[in-house]
Amino acid sequence: MPATQDPASPSASSGDLADSLLALLRTLPAQPCHHVRRTLRLGVRLLEALAGNSSQTVDHADQRFSDPGWQRPMQQRLLKAWLSWQQENSRWLEGLRINEVDRSRLAWLGMQLEASLAPSNSPLNPVFLRQLQRSRGRNLAAGVQHLAADLALERPLAPLIEDNDYLVGRDLACSAGQVVLRDPMFELIQYQPTSPQVHQHPLLVIPPPLNRFYLLDLNPKQSLVRHALDQGLQVFLISWRNPLAEHCEWGFSHYVRACDRALQTTCTVSGSPQASLLGVCAGGLLGLLFQGLLQARGDSTKLCSVSYLVTPIDPHLETPLLRLSGPATQQRLRSRLWQQGYLSARQLAASFAWLRPEQFVWPQALARYALDQPLAKRDILYWSQDSTRLPARLVEDLLDLFQRDPLSRPGHLCLLGHPIDLQSCSQPSWHLGARRDHIVPWNNCFPGGRLGGDAVFVQSHSGHIQSLINPPDYSGAVMRSGPVTGDVTSWLADSVEQGGSWWPHWSSWLQSHSGAMQPAPEHLGNLDYPPLGAAPGRYVHDC
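The sequence shown maps to residues 45 to 587 in the working numbering.
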């Protein structure tokens, strides 16, 4: 176990990447033997690889090296040298006497170097060589044209998909419904029931404000909205407006007030005094704040149940994105935020892409600028590219939440004049975490003792986005579920893993909290809230 730096040192709990690089430089005189030993070992490993004597093997799941051409002697030597370099870098980093925050930042920097210098990005890539020969160099000329076009459009990264491959409302977000409320911040969509009988208490869905809502209604076969409708649930959904600079002051209080109005409208239109709440990712954070506000106001009976999907109830996220955002980085971010009035969609998308450059940066750049391959046509990629801006105040509020964690201490966060105490909430809750989530680690979604009421926790088998697209007929789905009676360790010991999607588990749980069955409404909206236009509404098309 390597020794660690004093936690009280300047870069132990704060600082930026520059401070971590300084910590690395300080190890040169402090650990000269370690650096020399690891450098010599790296040299030996590289010579073995180049001589064809390395036993390194590439992960079969890594699509960058799936082409048979990587089995050629020259490509094999290059690939194994790169794998040896990766392994020795990891061992060198493990032996440094630095704190874990600095180690995490340096590991992220190392990952960027390893991804950028991968053999798949080199001229010896067999796919590139084959394309170069077939096209007689025309692929390079086309790549230069693509690069010039992307630079002219100020794209920070190669696009994932063509902008006109899909049409929202025709190919995506095509569940039938009506907008029954249009507010300056959001539209409220009421979906057309698909069953003759529906449960009395409706479901209000709060999607994240940093993405379009139609991840939950991607297509008829991959629509959580459609699944809920088919189970006899009345579904209402918030479609957030894409904010402009003039909306820079929209923060937690504005978004929670919007949730309050959406709930009131949902109950009025459905004729039910109660509703269930479903919050997704950052929308789940808004849901938690709203749940706490209702509790503080004495209106907790308006919610009959709550569900939170990949929502960081514990905001101490051990992710590179937050570890990299030290004081200097945050100050630069805040300065840019208030100059623009918002965090742009492109900046946000680029930040998430660089968390996994080997998947979301370099393969796309290679395909577009070197191989002249057509862009993939996948609806999930279209959705991920169709992101939105975040108001400056909301970003400030989120940063404060992640840094101070006021929700863990009753009364440390006041919202609209009310102290928030999540532990005093009593509604039954259902929670989803994703096992391979690199944005919100699954254990941060675990409620533990942070939220009152009986709770069920489910762990999905995949990543942040993939876990949400989990229709019942997906044969590769795996989930682990169990009641929350203690901490994460006890839940892991007591929970049960089984094959299958979490959608039926969630909808069955939700049905038990949604009241008796009644005839489905013949018309959407009512006299007070008449239909204003067909789903998916107007705001989802805002640029």
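Cβ atoms here follow ideal geometry from the backbone N, Cα and C, with glycine treated the same way.
Contact belief for residue i with residue j at Cβ below 8 Å, rounded distance in angstroms
i, j, result
"F172", "A414", "6 Å"
"Q241", "A564", "6 Å"
"L277", "L512", "That belief does not hold up - the Cβ atoms of L277 and L512 are roughly 17 Å apart, past 8 Å."
"R448", "L466", "In fact, because the Cβ distance is near 15 Å, the residues do not count as touching under 8 Å."
"H505", "I483", "With a Cβ gap of about 16 Å, H505 and I483 do not count as contacting."
"W114", "P76", "Not really, about 38 Å apart at Cβ, beyond 8 Å."
"N183", "L176", "6 Å"
"V532", "L201", "That pair is no contact at about 35 Å."
"R376", "E440", "R376 to E440, Cβ: 14 Å. No contact."
Whether residue i touches residue j by CB criterion (8 Å)
i, j, result
"Q335", "V350", "yes"
"H79", "L72", "yes"
"A537", "G221", "no"
"V300", "L333", "yes"
"S545", "P574", "no"
"L438", "G295", "yes"
"P356", "C489", "yes"
"R199", "E402", "no"
"S128", "S98", "yes"
"L321", "I250", "yes"
"I464", "A326", "no"
"W589", "V500", "Residue 589 lies beyond the stretch modelled for the chain, which goes from 45 to 587, so this question has no answer here."
"L260", "F280", "no"
"P117", "G96", "yes"
"D586", "R226", "no"
"L392", "L195", "no"
"R135", "R82", "yes"
Status (buried if at least 16 other CB within 10 Å, exposed otherwise) for residue i
i, result
"D60", "buried"
"V145", "buried"
"E231", "buried"
"M229", "buried"
"A521", "buried"
"R582", "exposed"
"Q119", "buried"
"T529", "exposed"
"P252", "buried"
"Q23", "The shown model of the chain, from 45 to 587, leaves out residue 23, and the question about it has no answer."
"C303", "buried"
"P591", "Limits of the chain in this structure are 45 at one end and 587 at the other, which puts residue 591 out of reach."
"D572", "exposed"
"P491", "buried"
"L197", "exposed"
"C458", "exposed"
"G331", "buried"
"M45", "Confidence at M45 is low in this model, with a pLDDT of 40, below 50, so the placement of that residue should be treated as unreliable; the coordinate-derived value is given next. M45 is exposed by the Cβ-count criterion."
"G181", "exposed"
"D517", "exposed"
"M74", "According to the sequence shown, residue 74 is Ala rather than Met. That one is exposed."
"S283", "buried"
"R256", "buried"
"G543", "exposed"
"G370", "buried"
Close Cβ partners of residue i (< 7 Å) along its chain, the five nearest in sequence each way excluded
i, result
"P472", "S349, G497, D498 and H557"
"L338", "S344, K346 and L347"
"Y386", "P287, A289, C292, R433, L434, P435 and A436"
"L137", "R147, L150, A151 and G154"
"S64", "S55, D146, R149 and L150"
"V313", "V224, Q234, G569, N570 and Y573"
"L443", "Q374"
"Y210", "L216, D423 and Y426"
"L94", "R121 and A125"
"G526", "F501, W535, D538, S539 and V540"
"H462", "L337, A340 and R341"
"E92", "S98"
Close Cβ partners of residue i (< 6 Å) along its chain, the five nearest in sequence each way excluded
i, result
"R524", "Q503, S539 and E541"
"P163", "L122, L123 and W126"
"A389", "S431, T432 and R433"
"W486", "G477, A478, R479 and Q503"
"S411", "The residue you asked about is not Ser; residue 411 is Ala in the sequence shown. Closer than 6 Å at the Cβ level, and outside the excluded window around A411, lie Q417."
Neighbourhood of residue i by C-beta, 8 Å cutoff - its chain only, sequence neighbours within 5 removed
i, result
"L460", "S297, V300, R301 and L337"
"S551", "H271, A272, Q275 and L277"
"Y258", "V212, L216, A217, W427, P580 and V584"
"L90", "A125, S128 and W129"
"G559", "H243, Q244, H245, S316, Q318 and C348"
"H549", "V502, M523 and S525"
Report yes or no: do the stretch 74 to 88 and the stretch 146 to 165 share at least 3 C-beta pairs separated by less than 8 Å? no
Taking 8 Å as the threshold, find out whether the stretch 261 to 276 comes into contact with the stretch 185 to 192 through three or more Cβ pairs. no
Per the contact definition of three or more C-beta pairs closer than 8 Å, is the stretch 198 to 217 in contact with the stretch 416 to 423? yes
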